[in-house]
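J.: Residue numbers (full-length UniProt numbering): 1 to 132.
In this text, a Cβ means the ideal position worked out from N, Cα and C, and glycines have one as well.
Dropping the structure here:
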């Protein structure tokens, strides 16, 4: 559980370096997203028992591309077309890796797209915080 917390702190630190004080938004959206994903996966998983710690770990560790995006934002401004493309790649990377881990961990064959969409929405919010 320390790894996801470190990634959240790193995201907040990079955003602080770019002049944005958003620690409460990061933690608030992160906690609400973890609770929502725990409920969603509990309803979707048929064979495995979903634990809250596993959901927090997967969503937190898959936050790494957003940390990289916020690090890029410290060096250059990413509010143009290039920034939107980089943010889209980061969102897809986060969503695909998280959904693949959830599908593998909970034996949910043929449900990756159903899990990837809410993942993309959650990580899209983090990208919006990073860009704006």
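From residue 2 to residue 81, what distance separates their C-alpha atoms?
T.: In the chain shown, residue 2 corresponds to position 2, counting from 1. In the chain shown, residue 81 corresponds to position 81, counting from 1. So the alpha carbons of these two residues sit roughly 35 Å apart.
J.: For residue 127, count neighbouring C-beta atoms within 10 Å of its own C-beta (all shown protein chains included) and say buried if the count is 16 or more, exposed if not.
T.: Stepping through the chain shown from its first residue, residue 127 is reached at position 127. So residue 127 ends up on the buried side.
J.: Roughly how many angstroms lie between the CA atoms of residue 55 and residue 92, to the nearest whole one?
T.: For the purposes of this step, residue 55 is taken as residue 55 along the chain shown, with counting starting at 1. For the purposes of this step, residue 92 is taken as residue 92 along the chain shown, with counting starting at 1. Distance between the alpha carbons of residue 55 and residue 92: 18 Å.
J.: Rank 120, 114 and 103 by C-alpha distance to the C-alpha of residue 50 and give the top, closest one.
T.: The sequence position of residue 50 within the chain shown is 50, counting from 1. Per the Cα distances, 103.
J.: Let's see if you can read the secondary structure: which residues bound the alpha helix (DSSP H) around residue 58?
T.: Start at 1 with the first residue of the chain shown, and residue 58 comes out as number 58. It spans 52-61 - the alpha helix (DSSP H) in which residue 58 sits, taken as one unbroken run.
J.: For residue 20, report the span of its alpha helix (DSSP H) as first-last.
T.: Locating residue 20 in the chain shown gives position 20, where the first residue counts as 1. Unbroken run through residue 20: none, as it is neither H nor E.
J.: Less than 8 Å between the beta carbons of residue 48 and residue 69, yes or no?
T.: Within the chain shown, numbered from 1, the residue matching residue 48 stands at position 48. Within the chain shown, numbered from 1, the residue matching residue 69 stands at position 69. Not closer than 8 Å, so no.
J.: Once DSSP output is grouped into helix, strand and coil, what is the label at residue 48?
T.: Counted from its first residue, the chain shown places residue 48 at position 48. Coil, per DSSP.
J.: Residue 125 and residue 29 look like a contact to me (Cβ under 8 Å); what is the Cβ gap, rounded to whole Å?
T.: In the chain shown, counting from the first residue as 1, residue 125 sits at position 125. In the chain shown, counting from the first residue as 1, residue 29 sits at position 29. Right, the Cβ-Cβ distance comes to about 6 Å (below 8 Å), so this counts as a contact.
J.: Measuring alpha carbon to alpha carbon, tell me which of 74, 105 and 99 ends up nearest residue 113.
T.: One-based indexing of the chain shown puts residue 113 at position 113. Out of 74, 105 and 99, 99 has the C-alpha closest to the C-alpha of residue 113.
J.: How would you call residue 119, buried or exposed, if buried means at least 16 neighbouring beta carbons within 10 angstroms?
T.: Translated into the one-based positions of the chain shown, residue 119 becomes position 119. Buried.
J.: Using only alpha-carbon positions, find the residue among 15, 71, 121 and 108 that is nearest to residue 95.
T.: Within the chain shown, residue 95 is the residue found at index 95, counting from 1. Nearest option by C-alpha distance: 121.
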